[in-house]
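Colleague: One structure follows; several queries about it will come next.
2 protein chains.
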Amino acid sequence: MSRRNAFYAQSGGVTAVINASACGVLETARKHRDRIGKVLAGRNGIVGALREELIDTSLESNAAVAALRNTPAGAFGSCRHKLRSLEENRAEYERLIDVFKAHNIGYFFYNGGGDSADTCLKISKLSSELGYPLQAIHIPKTIDNDLPLTDNCPGFGSVAKYVAISTREAGADVASMCDSSTKVFILEVMGRHAGWIAGAAGLAAEKEGDPPHIILFPEIAFDEAKFLARVKRCVSRYGHCVVVASEGTRYANGEFLAQSERRDAFGHTQLGGVAPTLAGMIQTEHGYKYHWALADYLQRSARHIASRTDLEQAYAVGAAGVEMALAGKNAVMPTIIRGTGKRYSWRIGEAPLESVANVEKTMPRRYISRDGFGITAEAKDYFAPLIMGEDSPPYVRGLPRYANLKKQLVPKRLKKPFKI
Amino acid sequence: MSRRNAFYAQSGGVTAVINASACGVLETARKHRDRIGKVLAGRNGIVGALREELIDTSLESNAAVAALRNTPAGAFGSCRHKLRSLEENRAEYERLIDVFKAHNIGYFFYNGGGDSADTCLKISKLSSELGYPLQAIHIPKTIDNDLPLTDNCPGFGSVAKYVAISTREAGADVASMCDSSTKVFILEVMGRHAGWIAGAAGLAAEKEGDPPHIILFPEIAFDEAKFLARVKRCVSRYGHCVVVASEGTRYANGEFLAQSERRDAFGHTQLGGVAPTLAGMIQTEHGYKYHWALADYLQRSARHIASRTDLEQAYAVGAAGVEMALAGKNAVMPTIIRGTGKRYSWRIGEAPLESVANVEKTMPRRYISRDGFGITAEAKDYFAPLIMGEDSPPYVRGLPRYANLKKQLVPKRLKKPFKI
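Here it is, written out as structure tokens:
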């Protein structure tokens with residue numbers, strides 16, 4: 001087979017380790033120069049392909065590529081552009097194929113979550129329908145940990161570690177203050193439909209009374225009276241109460257707390273108001289002094305405290321994606337398979353995109369304690385290895401030094417611009 | 421002089437390194453067993469003395485004491501109980517002296533900010549008035565960096581490092597997303613009356629276009645039109661805009677952007693709501709998609725990313741406090757004096773509490789750029805060494821291991837309980 005170029009793009013919300021996957025792709029491709037020519041990266045994700053804005057990664061030094069492993073967020077830019085169905089928007093898919101043809105792209109590596117797995121599958125199908133040879137590989141990435149068929153998702157272990165450490169640290173803070181001041185601390189974390197991130201905070205607790213005292217999951221209908229009673233019990237018992245709440249916490253009728261009427265003090269329409277809503281309830285019912293934090297992007301970009309396990313897995317799925325492409329695979333995704341031994345081990349597996357796309361994996365009920373406010377021992381066994389190990393980025397003058405890329409675009413070859 | 425016991429208490433909002441000061445006090449006192457008997461620590465700060473709840477630190481192992489250096493928040497508990505003037509509340513001061521007498525306490529180490537410096541001074545005065553020999557030493561601690569006569573305050577360097585790193589990391593995140601999604605990110609940080617913490621975020625920027633693009637200081641009157649114009653200019657120029665806003669950001673008339681009715685025990689308004697207020701303005705005026713984070717306790721408890729310089733200084737002021745007491749000093753505070761050489765150096769100085777108490781040091785105007793939205797090169801020179809160096813706590817199973825103290829109380833010797 002003649003040498004063909006590859007296209008790599010980052011998709012959706014970025015993570016602390018998605019660039020480690022990029023590093024895995026680029027370094028592995030560089031080992032196979034006989035088969036893979038240039039790796040062109042989409043500037044700002046798949047829209048970079050639509051606009052024919054392709055970053056020539058061959059101009060980046062080996063050192064710059066290696067530094068991607070230590071760099072959070074999306075080094076080439078990401079996007080939230082979702083390609084709709086082939087019927088609805090065939091023009092976009094055809095444009096992609098045109099761009100791929102123009103740049104002799106034979107390998108398509110799409111690094112994202114559930115939506116991008118679906119896009120990747122569609123592109124694979126269309127290329128085959130149009131008779132254009134393309135191997136489309138999806139490289140998993142999502143802090144939400146909601147992809148099926150993989151034990152866990154690269155990106156999740158690091159946010160889990162961030163949330164568990166932050167819970168332990170802020171928990172120590174409120175424990176210091178609670179006698180005469182703050183009694184309740186609420187940390188609002190990401191996870192719109194799945195409680196994996198909130199659940200991981202449970203790792204901070206090692207013995208009775210340790211924070212977090214209450215975890216709120218999207219999977220468990222929020223019961224205000226039960227919640228307020230539990231807060232009171234914690235304050236009576238431990239002097240304070242630490243709550244970790246998923247942004248997706250909702251009532252039995254499906255309504256998000258963040259979209260409820262009580263949220264009006266901070267009137268905004270995006271999610272991210274669970275903590276002040278809960279604080280308001282607690283204030284009204286119990287009058288406790290509270291503090292709350294909204295970690296938002298901090299939690300998913302915190303490369304400084306990334307999990308080494310997560311980093312290694314993120315790199316490995318990138319590298320495996322390239323190996324799979326070279327082995328002739330198409331419409332597949334590398335997965336992480338957990339070993340069955342007592343000591344944690346993992347290896348790379350493979351899943352067909354047909355089974356991955358648009359399936360969302362939420363927390364199994366058996367991972368959530370019977371009262372709905374915590375995690376079980378089985379959940380702890382699941383979470384614990386994913387946050388293992390530290391891997392500090394290099395520091396210069398007290399700050400982490402992140403990759404600095406040239407990001408030079410290759411000249412356009414298509415005449416007409418494309419309107420997105 | 422016969423051997424006398426010491427009393428140590430933590431006061432006010434805790435920090436990532438206040439326990440390093442405790443470690444400095446305890447380890448130094450242990451070196452002088454001929455002069456200092458037991459160090460008794462106030463359970464939950466000064467209220468522990470009022471209630472005669474005194475933790476016997478002599479029961480803690482050397483290893484547990486050493487681990488304090490790696491442990492955030494207040495290991496013995498802190499409080500926001502402010503002793504009022506001697507005239508208003510002489511009973512509390514007299515009670516303290518009674519407790520000190522009952523436990524043969526000759527050294528009083530009070531580890532806090534401006535309010536506790538004032539308390540420490542009053543106790544020193546009263547003990548002298550009552551003819552009770554007591555050496556009262558104030559050990560500086562405040563993330564707010566607002567104490568006078570010291571180059572900087574232990575606790576500040578670590579929160580500065582946290583905020584600078586978080587700004588760089590979240591800034592990389594929004595830069596990845598801004599083409600098709602989030603264009604503005606706002607990080608709300610602590611600093612009620614002084615913009616030191618917000619200002620330190622400016623260290624994240626190394627070249628034109630780096631985040632933060634806008635810093636809002638309590639020292640600069642907020643001008644909505646000017647702010648919104650600057651946000652727009654950043655988005656046009658860089659594609660995105662990262663704002664770091666002090667919780668104390670206020671209008672020219674003194675009104676806080678996040679005015680709240682709640683007040684803490686010191687009578688300070690409890691703030692937290694600048695970020696959503698700014699986000700609302702931006703949304704209305706420009707319609708940009710935004711995200712915001714409220715770091716709250718996370719920023720001041722983040723021992724995992726503490727500044728080594730800060731840790732060393734926090735330890736040193738604790739150790740120096742004990743040395744000063746042994747040298748016969750009273751009503752003084754160890755300070756940090758910056759060397760004048762090009763390479764950063766520091767040494768311990770000494771300030772009389774008369775000159776420290778109730779003086780608040782805000783950001784000098786020359787540290788803030790002319791447009792009021794950033795920091796000057798002189799400010800960078802000031803901030804930069806304070807965040808230098810890392811000093812990871814030990815990790816066990818992916819999480820930092822913090823000190824675990826016995827915190828056993830000594831038997832009470834006074835008959836009557838004291839109502840606070």
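Note that the protein sequences, when read in sequence, are chains A and B. Here this note's numbering is used: the first residue of the first sequence is 1, the next is one more, and so on. Here this note's numbering is used: the first residue of the second sequence is 421, the next is one more, and so on. Cβ atoms here follow ideal geometry from the backbone N, Cα and C, with glycine treated the same way.
#1: When the cut-off is 8 angstroms and only beta carbons count, does B/GLY809 lie next to chain A?
#2: Distance cutoff 8 angstroms, beta carbons only. Does B/PRO820 sit that close to anything in chain A?
#3: Can you find at least 3 beta carbon pairs, one from the stretch 124-133 of chain A and one from the stretch 344-352 of chain A, that sit closer than 8 angstroms?
#4: Please list, in chain order, the residues of the stretch 697-709 of chain B that have any C-beta partner in chain A closer than 9 angstroms.
#5: Provide the residue(s) that pair with B/TRP712 in DSSP beta bridges, ordered along the chain.
#6: For a quick check, are the C-beta atoms of A/TRP292 and B/ASP599 less than 8 angstroms apart?
#7: Along chain B, which residues have their Cβ under 8 angstroms away from the Cβ of A/CYS79?
#8: Work out the CA separation of B/LEU554 and A/THR182 for me, nearest whole Å.
#9: Might you give, ordered along the chain, the residues of its own chain that have their beta carbon closer than 8 angstroms to the beta carbon of B/ASN824, omitting 5 neighbours on each side?
#10: For the stretch 618-634 of chain B and the stretch 571-591 of chain B, state whether three or more C-beta atom pairs, one from each stretch, are separated by less than 8 angstroms.
#11: For chain B, is any of its Cβ atoms less than 8 angstroms away from the one on A/ILE336?
#12: Give the straight-line distance between the Cα atoms of A/GLY12 and A/GLU94, rounded to the nearest whole angstrom.
#13: My output table needs one value for B/PHE647: the three-state DSSP class, helix, strand or coil.
#14: Where do the N-terminal and C-terminal ends of the alpha helix (DSSP H) with A/PHE156 fall, by residue?
#15: When the distance is taken between beta carbons, is B/VAL737 closer than 8 angstroms to B/ILE525?
#16: Can you tell which of A/ALA302, A/ILE368, A/SER128, A/PHE383 has its C-alpha closest to the C-alpha of A/SER392?
#17: Opposite B/TRP766 in the DSSP bridges: which residues?
#18: Below 8 angstroms between beta carbons: does that hold for A/ASP429 and A/GLY114?
#19: Please identify, using Cβ separations under 9 angstroms, the residues of the stretch 716-729 of chain B that lie next to chain A, in order along the chain.
#20: Put B/SER666 into one of helix, strand or coil per three-state DSSP.
#21: Have a look at B/ALA556, B/LEU829, B/PHE637 and flag the residue whose alpha-carbon is nearest the alpha-carbon of B/MET744.
#22: Pull the bridge partners of A/VAL396 from the DSSP assignment, please.
#23: Keeping to the same chain, check which residues put their C-beta closer than 8 angstroms to that of B/ASP476; ignore five residues upstream and five downstream.
#24: Using C-beta distances below 6 angstroms, list every residue in its chain close to A/SER345, excluding the 5 sequence neighbours before and after it, in chain order.
#25: Give the interface partners of A/VAL174 over in chain B, defined as CB-CB distance under 7 angstroms, in chain order.
#26: Just checking: is the beta-carbon of A/VAL44 within a distance shorter than 8 angstroms of some beta-carbon in chain B?
#27: Beta-carbon of A/PRO394 versus every beta-carbon of chain B: anything under 8 angstroms?
#28: Flag this pair as yes or no: are the beta carbons of B/MET808 and A/GLY74 separated by less than 8 angstroms?
#29: Does any C-beta atom of chain B lie closer than 8 angstroms to the C-beta of A/ILE165?
#30: Helix, strand or coil for A/LYS412? Go by DSSP, reduced to three states.
#31: Would you call the CB atoms of A/GLU188 and A/VAL242 closer than 8 angstroms?
#32: What is the DSSP secondary structure of B/SER808, counted as helix, strand or coil?
#33: To which residues does DSSP link A/PHE300 through a beta bridge?
#34: Spell out whether any CB of chain B is found under 8 angstroms from the CB atom of A/PHE185.
#35: In its own chain, which residues sit with a C-beta less than 6 angstroms from the C-beta of B/PRO492, not counting the 5 before and 5 after it?
#36: Which ranges would you report for the alpha helix (DSSP H) in the stretch 56-94 of chain A if only whole runs of at least 4 residues count?
Modeller: In brief:
#1: The residue you call residue 809 of chain B lines up with position 389 of the second sequence. Output row for B/GLY809: interface = yes.
#2: Taking the first residue of the second sequence as position 1, residue 820 of chain B is located at position 400. Interface residue, yes.
#3: no
#4: THR697, ALA699, GLY700, GLN703, LYS709
#5: Counted from its first residue, the second sequence places residue 712 of chain B at position 292. In the DSSP output, where bridge partners are listed per residue, B/TRP712 has B/ILE606.
#6: Position 292 of the first sequence, counted from the first residue, corresponds to residue 292 of chain A. Position 179 of the second sequence, counted from the first residue, corresponds to residue 599 of chain B. Not a contact, by the Cβ cut-off of 8 angstroms.
#7: On the first sequence, position 79 is the one that residue 79 of chain A refers to. Under the 8 angstroms cutoff, chain B gives MET597, ASP599, SER600, SER601.
#8: For the purposes of this step, residue 182 of chain A is taken as the residue at position 182 of the first sequence. For the purposes of this step, residue 554 of chain B is taken as the residue at position 134 of the second sequence. Roughly 32 angstroms separates the two Cα atoms.
#9: Numbered from its first residue, the second sequence carries residue 824 of chain B at position 404. Hits under 8 angstroms: ALA484, ALA487.
#10: yes
#11: In the first sequence, residue 336 of chain A corresponds to position 336, counting from 1. Answer no: the Cβ-Cβ gap between A/ILE336 and chain B never drops below 8 angstroms.
#12: By one-based count along the first sequence, residue 12 of chain A stands at place 12. By one-based count along the first sequence, residue 94 of chain A stands at place 94. Cα-Cα distance, rounded: 21 angstroms.
#13: The residue you call residue 647 of chain B lines up with position 227 of the second sequence. Helix, per DSSP.
#14: Counted from its first residue, the first sequence places residue 156 of chain A at position 156. Run containing A/PHE156: 156-177, per the alpha helix (DSSP H) assignment.
#15: Taking the first residue of the second sequence as 1, we reach residue 525 of chain B at position 105. Taking the first residue of the second sequence as 1, we reach residue 737 of chain B at position 317. Result no, Cβ atoms of B/ILE525 and B/VAL737 do not sit closer than 8 angstroms.
#16: By one-based count along the first sequence, residue 392 of chain A stands at place 392. Nearest of A/ALA302, A/ILE368, A/SER128, A/PHE383 to A/SER392, Cα basis: A/ALA302.
#17: Taking the first residue of the second sequence as position 1, residue 766 of chain B is located at position 346. Answer by DSSP bridge pairing, in chain order: B/ARG758.
#18: Here chain A covers residues 1 to 420 and nothing more, so residue 429 of chain A does not appear.
#19: ASP716, TYR717, LEU718, GLN719, ARG720, SER721, ALA722, ARG723, HIS724, ILE725, SER727, ARG728, THR729
#20: Here residue 666 of chain B refers to the residue found at position 246 of the second sequence. In the structure shown, B/SER666 sits in a strand (DSSP, three-state: E or B).
#21: By one-based count along the second sequence, residue 744 of chain B stands at place 324. Ranking the options by Cα distance to B/MET744, first place goes to B/ALA556.
#22: The residue you call residue 396 of chain A lines up with position 396 of the first sequence. Paired residues: A/LEU399.
#23: Residue mapping note: residue 476 of chain B aligns to position 56 of the second sequence, counting from 1. Result list for B/ASP476: LYS458, LEU460, GLN828, LEU829, VAL830, in chain order.
#24: Residue mapping note: residue 345 of chain A aligns to position 345 of the first sequence, counting from 1. Excluding sequence neighbours, A/SER345 sits near GLY339.
#25: In the first sequence, counting from the first residue as 1, residue 174 of chain A sits at position 174. Near A/VAL174 (Cβ distances below 7 angstroms), the residues of chain B are TYR717.
#26: One-based indexing of the first sequence puts residue 44 of chain A at position 44. Rather than Val, the amino acid found at residue 44 of chain A in this sequence is Asn. Yes, contact with chain B.
#27: In the first sequence, residue 394 of chain A corresponds to position 394, counting from 1. A/PRO394 does not count as touching chain B.
#28: Taking the second sequence and counting its residues from 1, the one referred to as residue 808 of chain B is at position 388. Taking the first sequence and counting its residues from 1, the one referred to as residue 74 of chain A is at position 74. It is not a contact, given that the beta carbons lie outside the stated cut-off.
#29: For the purposes of this step, residue 165 of chain A is taken as residue 165 along the first sequence, with counting starting at 1. Chain B, which has a Cβ nearer than 8 angstroms to the Cβ of A/ILE165, makes this yes.
#30: As a working mapping, residue 412 of chain A is identified with position 412 in the first sequence. Here A/LYS412 sits in coil by DSSP.
#31: On the first sequence, residue 188 of chain A is found 188 positions in, with the first residue counted as 1. On the first sequence, residue 242 of chain A is found 242 positions in, with the first residue counted as 1. Their beta carbons are not under 8 angstroms apart, which means A/GLU188 does not touch A/VAL242 by this criterion.
#32: In the second sequence, the residue the question calls residue 808 of chain B occupies position 388. It should be noted that the sequence gives Met, not Ser, for residue 808 of chain B. Correct three-state label for B/MET808: coil.
#33: Taking the first residue of the first sequence as position 1, residue 300 of chain A is located at position 300. In the sequence as displayed, the identity of residue 300 of chain A is Arg instead of Phe. Paired residue(s): none; A/ARG300 is not in a bridge.
#34: Numbered from its first residue, the first sequence carries residue 185 of chain A at position 185. So yes, A/PHE185 belongs to the interface.
#35: Taking the second sequence and counting its residues from 1, the one referred to as residue 492 of chain B is at position 72. Result list for B/PRO492: ALA436, SER721, ARG723, in chain order.
#36: 62-67
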